[in-house]
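Per my numbering, the sequence shown runs over residues 443 to 473.
Where a beta carbon is used, it is the ideal one built from N, C-alpha and C, also for glycine.
Here's the structure we're looking at; comments come further down.
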Amino acid sequence: KIKLMKRRGYGYRNIQRFALRVRLETANILS
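This is the structure:
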């Protein structure tokens, strides 16, 4: 159970980082 929770938290962090990168890239394209 602990492993699963850790993996889930890591995945969530990766999603946030990915969303931030996409937002920055789209902002660069728009500007």
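Straight-line Cα distance separating residue j from residue i
i	j	result
Arg455	Met447	12 Å
Glu467	Arg449	27 Å
Ile457	Ala469	18 Å
Ile471	Gly453	27 Å
Close Cβ partners of residue i (< 8 Å) along its chain, the five nearest in sequence each way excluded
i	result
Ile444	none
Gly451	none
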